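Asker: Chains as they are written, first to last, in the working numbering: chain S, 1477 to 1815; chain A, 1477 to 1815.
Using N, Cα and C, we set each Cβ at its ideal position, and we do this for glycine too.
What you are looking at is a predicted structure, and each value in this text was computed from that prediction instead of being measured.
One structure coming up, written as structure tokens, with questions to follow.
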């Protein structure tokens, strides 16, 4: 494995395949699920890569475990620290537990209760902070300085990116097993680590298949940045149900990758995310959280055309409070017909 | 493949392995999922065989497809007829669609709306009947006599049983991949086809591992029949949320098998099934219907001891109306702490 990836796509592949070996027996090889009845209604084929079934309820375990597994043991023993709205938190906490090392997670006090509760249940210490008044980076840095813990970034880290890229390898293998060549792959996008990892794997193994990042309205920094060719920020006043992917701007490491590998970004609103959660319930029997449902939403709304095509969507997480899930089901019921 | 199974367990295995070959590429190899946080709370290990992710939303596709695939083509062309509260209906309808033959499904008028809607969406003709005033068997027989369609029974058929048995083969393989020997396997039980198929496979491949059927209170005919050594009926006044497994008595073909292969039956009430659905939501990110959740419920309530053990539970289906699922989540929320 090279010690640091170069600028070329192919330099990343050895890191991603190495990550897949590290994750064997640790991460679930999540299924790629279809729904013929949904396909009938849409006039095309949608396949869901069900990362909500991943251990810890989201894909984040893959990157966090890969990162921690690559820290030399002497350093690793001092523990890890991370900041996260919840899914990365659980991924880091679960990976730290695997290695028997302490983890401290800095979480916003308004994160979904299930994410805070589960992060603690995995054995991590949780430090809550005020999203409007405190800097999670500053808190994380202070903890690292004090304890010698190593910071596990949520996306801006080549090891984390290569871990998420293992999903891309699985999509390629599962499409081959089913005799399918997808016309497009849609990936929920926050800081861009999942998009970077998957698009790097696809660029090597299925070149020419477009990988689109999908973002919630108000947090479409990656879509705008890709169009502009430079990193742009979101308005600080934006809000969304999609807590998992509310990031301020593309990452320093993820954006140069994504600029090379991604197709244009797609944007969906909260109502579309809720409708996609209801579709996940009725057509796939999956619990998908709002931020995890935006890729499916892009297929259902037509933001990505599906008619006559085969589209793979990543359902990136399922850590949603019951009240939000109930809201999604009741909103869909009020809307009458579903997709 | 022998044309009819004898009384010995090993006579069934060739039929089950033949079914597995027929189902390759048709049925989903559903994942066997764990939740370390749930295991922490229970003090043991629970693994969920997620048949709710099966095509059509339940395991029933396996038996229906296996049965229809074994009907000689000249007869098959005349179509099939079935009676079912919904999951077998969808399994038969989807299998008939695969073979391009007509299907008529006799369904109770009070079946969950999602099951009736989806059965029609798979292309089957649906004949609704009044559960209290009409005999579904008589209606099915009349349709068969009129059209020459072949009746696909929901459980009392060796081909159907062998199809359901493929789940047992997968459980054995997935446990081996994970380096696990289960201490018990729990299976939701209506007419006993799923229990028979799985227990036949386990008896051959993992002899000595007890397979317990799990039934809803009021519909514990298999538990009582196993204890009595003869087929006993349920009270006709009983009711349950577990629509998928509300059968009057054990099957003529399933019971002699189950009497040889099953461990004692377990019983859970509707409240336990609802709590298990909430656990499926929060700990496994799965949508499980009430009747599909009774095996998980037996593990959560302690009806089957879990402490210090590894228990595999089959989540047999996920076709549940949103209102019932919302009820499960809200009941769990009111109850405060979950398991």
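What residues are listed by DSSP as bridge partners for residue 1579/A?
Answerer: 1556/A, per the DSSP bridge assignment.
Asker: Have a look at 1536/A, 1787/A, 1757/A and 1730/A and flag the residue whose alpha-carbon is nearest the alpha-carbon of residue 1807/A.
Answerer: It is 1757/A whose Cα lies nearest to the Cα of residue 1807/A.
Asker: What's the gap between the Cα of residue 1675/A and the Cα of residue 1729/A?
Answerer: About 14 Å.
Asker: Note the first and the last residue of the continuous alpha helix (DSSP H) segment covering residue 1536/A.
Answerer: Counting along the chain, the alpha helix (DSSP H) containing residue 1536/A begins and ends at 1536–1545.
Asker: What residue from 1799/A, 1802/A and 1781/A has the CA that sits closest to residue 1521/A's CA?
Answerer: Comparing Cα positions, the closest option is 1781/A.
Asker: Can you tell me which of the three DSSP states residue 1506/S falls into?
Answerer: It is coil, neither helix nor strand.
Asker: How about residue 1662/S and residue 1742/S: are their beta carbons less than 9 Å apart?
Answerer: Cβ distance < 9 Å, so residue 1662/S and residue 1742/S count as in contact.
Asker: Leaving out five residues on either side along the sequence, give the residues of the same chain with a beta carbon under 7 Å from the beta carbon of residue 1515/A.
Answerer: So the qualifying residues of the chain are 1521 and 1522.
Asker: What's the gap between the Cα of residue 1607/S and the Cα of residue 1584/S?
Answerer: Using only the alpha carbons, I get a separation of about 6 Å.
Asker: What would DSSP say about residue 1800/S, mapped onto helix, strand or coil?
Answerer: Residue 1800/S falls in the helix class under three-state DSSP.
Asker: With DSSP run on the structure shown, which of helix, strand or coil describes residue 1810/S?
Answerer: In this structure, residue 1810/S counts as helix in the three-state DSSP scheme.
Asker: Return helix, strand or coil for residue 1674/S, following the three-state DSSP convention.
Answerer: Correct three-state label for residue 1674/S: helix.
Asker: Flag residue 1647/S as yes if its beta-carbon sits less than 9 Å from any beta-carbon of chain A, otherwise no.
Answerer: With 9 Å as the cut-off, residue 1647/S does not count as an interface residue toward chain A.
Asker: Going by DSSP, what residue range makes up the beta strand (DSSP E) through residue 1591/A?
Answerer: Per DSSP, residue 1591/A belongs to no beta strand (DSSP E); it is in the alpha helix (DSSP H), 1589–1597.
Asker: Return the first residue and the last residue of the beta strand (DSSP E) that residue 1600/A is part of.
Answerer: Careful: residue 1600/A lies outside any beta strand (DSSP E) and carries neither H nor E.
Asker: Examine the Cβ distances between the stretch 1778–1798 of chain S and the stretch 1587–1600 of chain A and report whether three or more of them are shorter than 8 Å.
Answerer: No: the two stretches stay apart, fewer than three of their Cβ pairs being nearer than 8 Å.
Asker: With a CB to CB cut of under 7 Å and the five nearest residues on each side skipped, what residues in its chain are close to residue 1513/S?
Answerer: Counting only Cβ-Cβ distances below 7 Å, and skipping sequence neighbours, we find 1759.
Asker: Alpha carbon to alpha carbon, how far is residue 1526/A from residue 1562/A? Give it in angstroms, no decimals.
Answerer: If you take the alpha carbons of residue 1562/A and residue 1526/A, they lie about 18 Å apart.
Asker: Count the C-beta pairs between the stretch 1764–1778 of chain A and the stretch 1718–1734 of chain A that are closer than 8 Å, then say yes if the count reaches three, no if not.
Answerer: Contact holds: three or more Cβ-Cβ distances are below 8 Å.
Asker: Which residues of chain A have a Cβ atom closer than 7 Å to the Cβ of residue 1529/S, listed in chain order?
Answerer: Those are 1507, 1509 and 1761, listed as they occur along chain A.
Asker: Does the beta carbon of residue 1504/A come closer than 9 Å to any beta carbon on chain S?
Answerer: Closer than 9 Å to some Cβ of chain S, the Cβ of residue 1504/A qualifies, so yes.
Asker: Kindly say whether residue 1794/S, judged by its beta-carbon, lies nearer than 9 Å to any beta-carbon of chain A.
Answerer: With 9 Å as the cut-off, residue 1794/S counts as an interface residue toward chain A.
Asker: Return the residues of the stretch 1527–1559 of chain S that lie within a Cβ-Cβ distance of less than 8 Å from chain A, sorted by chain order.
Answerer: Against chain A - using a Cβ distance shorter than 8 Å - the residues of the stretch 1527–1559 of chain S are 1528, 1529, 1531 and 1533.
Asker: If I'm right that residue 1673/A touches residue 1639/A with Cβ under 8 Å, what's the distance once you round it to whole angstroms?
Answerer: Yes, residue 1673/A and residue 1639/A are in contact; Cβ-Cβ is about 7 Å, under 8 Å.
Asker: Just how far apart, CA to CA, sit residue 1668/S and residue 1734/S?
Answerer: Looking at the two C-alpha atoms, the distance is approximately 7 Å.
Asker: Please identify, using Cβ separations under 8 Å, the residues of the stretch 1594–1613 of chain A that lie next to chain S, in order along the chain.
Answerer: Within the stretch 1594–1613 of chain A, the qualifying residues are 1594, 1597 and 1598.
Asker: Nearest-angstrom Cα distance between residue 1777/S and residue 1705/A?
Answerer: C-alpha separation (whole angstroms): 57 Å.
Asker: Assuming residue 1660/A and residue 1690/A are in contact, meaning their beta carbons sit under 8 Å apart, how far apart are those beta carbons, in whole angstroms?
Answerer: With 8 Å as the limit, residue 1660/A and residue 1690/A do not qualify as a contact, their Cβ atoms being about 11 Å apart.
Asker: According to DSSP, simplified to helix, strand and coil, what is residue 1610/A?
Answerer: If DSSP states are grouped into helix, strand and coil, residue 1610/A belongs with coil.
Asker: So, with DSSP's three-state summary, where would you put residue 1767/S?
Answerer: The answer is helix: DSSP assigns residue 1767/S an H, G or I state.
Asker: Where do the ends of the beta strand (DSSP E) carrying residue 1548/S lie?
Answerer: It is not in any beta strand (DSSP E) - residue 1548/S carries neither H nor E in the DSSP assignment.
Asker: Round the Cβ separation of residue 1681/S and residue 1628/S to the nearest angstrom and send it over; I've been treating them as touching at under 8 Å.
Answerer: Between residue 1628/S and residue 1681/S the Cβ distance is about 27 Å, and since that is not below 8 Å, they are no contact.
Asker: Under a three-way DSSP split, which group does residue 1584/A fall into?
Answerer: Residue 1584/A falls in the strand class under three-state DSSP.
Asker: Indicate whether at least one CB of chain S lies closer than 9 Å to the CB of residue 1570/A.
Answerer: Interface residue, yes.
Asker: Using a beta-carbon distance below 9 Å, is residue 1575/A in contact with chain S?
Answerer: No, its Cβ sits nowhere closer than 9 Å to a Cβ of chain S.
Asker: Assign residue 1532/S to buried or exposed, taking buried as 16 or more other Cβ atoms, counted over all protein chains shown, within 10 Å of its Cβ.
Answerer: When all chains shown are included, residue 1532/S counts as buried.
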